[in-house]
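Only one structure is covered here, and it is reproduced in the block below.
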Amino acid sequence: MSVTRRQITTAALASVPLAFAATGTAQAGGRRPRTLYIAGDSTAAQKYADAAPETGWGMALPFFLRKDLRVANHAVNGRSSKSFVDEGRLDIVLDALRPGDLLLVQFAHNDEKDEDPTRYTEPWTTYRDHLRLYVDGARARGARPVLATPVERRRFDAAGDARPSHGEYPAAMRALAREEGVALLDVQALSLALWQRLGAEGTKAYFNWTATEQDNTHFNPPGAIAVARLVARESLRTRVLAHRDVRRLDEEIPESWIDWPAPGTA
């Protein structure tokens, strides 16, 4: 995932934690709503008006969650499991966590950048070591960690088959989830299967393909909505979420619901 000037600008703006509620806030004097925190990279991150139509799947996740489960999207462009920690972003999330909250962790796109020592991790050693910081930190605060394998890029072979692009990272995360007894959302496998069903041409309608850009990593509104739906459905299937937590899993979500705030206003 190369970091463009636009991504760097967006990442800087995203340095202030953002909290987006599914449909509102708690009533005065009522019980505190649970919050689902997202720690991740640009595939999940909030995007701003200067990046439209690029859309992170975290922007669409609240459409599938009920009002008493809020989303705080701390995903930032260009970050890896390592750089997110080194920049103090995990500390910010952990300071905000309360008992009963969820911490959903999706990294690998930038962990793969072996030419960049500030981001690179090796799948079976340093990647897993850093993921444990998220897992242990959430548990120490009474929150529930959830690991999500990285969403797949748009990559097809000559035969038209969708091909994986993340090497050993998804397997390393799956193994860590088993070892630590952590809930796993296998978004990599689910998204790869979805891209296969849609095909090489059909997937173009889900990625950030415009007149000036052919982006096979980041999503447009339909793609972000589709991936968020996968995350919500898998969260229900794995009992990360209960039926009372989710909504609209089988409903059409209008693209017009996606909002790109002006930089610095969200």
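Going by mature numbering (1 follows the signal peptide of the UniProt record, and there is no 0), the letters in the sequence shown line up with residues -21 to -1, 1 to 245, in that order.
Idealized CB from N, CA, C, for every residue including glycine.
Q. Which ranges does the beta strand (DSSP E) cover as unbroken runs of at least 3 residues, wholly within the segment 62 to 105, from first to last along the chain?
A. As far as the segment 62 to 105 is concerned, its whole beta strand (DSSP E) runs of at least 3 residues are 81 to 85.
**Q.** Rounded C-alpha distance that separates Val125 from Leu164
**A.** The count along the sequence shown starts at 1 and reaches residue 125 at position 146. The count along the sequence shown starts at 1 and reaches residue 164 at position 185. Cα atoms of Val125 and Leu164: separation of roughly 7 Å, rounded to the nearest angstrom.
Q | Assigned exposure category for Leu228 - 16 Cβ within 10 Å defines buried | A | Position 249 of the sequence shown, counted from the start, is the residue given in the question as residue 228. By the neighbour-count rule (16 or more Cβ atoms within 10 Å), Leu228 is not buried but exposed.
Q. What first and last residue would you give for the beta strand (DSSP E) that runs through Asp20?
A. Your numbering for residue 20 matches position 41 in the sequence shown. Taken as a continuous stretch (DSSP letters only), Asp20 belongs to no beta strand (DSSP E), as it is neither H nor E.
Q) Smallest Cα separation from residue 260: which of Asp29, Asp140, Val114 and Arg132? A) What the structure shows of the chain is the stretch from -21 to 245, and residue 260 is not part of that stretch, so it cannot be assessed.
Q: My understanding is that Asp47 touches Pro12, with C-beta atoms under 8 Å, so please give their C-beta distance in whole angstroms.
A: In the sequence shown, the residue the question calls residue 47 occupies position 68. In the sequence shown, the residue the question calls residue 12 occupies position 33. Yes, they are in contact, since the Cβ atoms of Asp47 and Pro12 sit about 5 Å apart, within 8 Å.
Q: Would you list the residues sitting across from Val125 in a DSSP beta bridge?
A: The residue you call residue 125 lines up with position 146 of the sequence shown. Paired residues: Leu83 and Ala162.
Q | Validate contact between the segment 131 to 148 and the segment 70 to 85 using beta carbons, cut 8 Å, 3 pairs | A | no
(Q) Between the alpha carbons of Gln6 and Tyr99, how many angstroms are there, rounded? (A) Taking the sequence shown and counting its residues from 1, the one referred to as residue 6 is at position 27. Taking the sequence shown and counting its residues from 1, the one referred to as residue 99 is at position 120. Because Gln6 carries a pLDDT of 41, less than 50, the predicted location of this residue cannot be relied on, and no value is offered for it.
Q | C-alpha distance - Ile237 paired with Glu33, whole-angstrom precision | A | Walking along the sequence shown from the start, residue 237 turns up at place 258. Walking along the sequence shown from the start, residue 33 turns up at place 54. Whole-angstrom Cα-Cα distance: 10 Å.
Q) Which residues in the same chain have their Cβ closer than 6 Å to the Cβ of Thr14, if we skip the five residues on either side of it in sequence? A) Counting from one through the sequence shown, the residue named residue 14 turns up at place 35. Result list for Thr14: Arg49, Ala51 and Asp80, in chain order.
Q: Identify every residue that forms a DSSP beta bridge with Trp188.
A: Counting from 1 along the sequence shown, the entry for residue 188 is found at position 209. Gln193, per the DSSP bridge assignment.
Q. Can you tell me the Cα-Cα spacing of Thr97 and Asp108, whole angstroms?
A. Position 118 of the sequence shown holds residue 97. Position 129 of the sequence shown holds residue 108. About 15 Å.
Q.
Whether or not the segment 148 to 162 and the segment 183 to 191 are in contact is what I'm after, with contact meaning three or more pairs of Cβ atoms, one per stretch, closer than 8 Å; do they touch?
A. no
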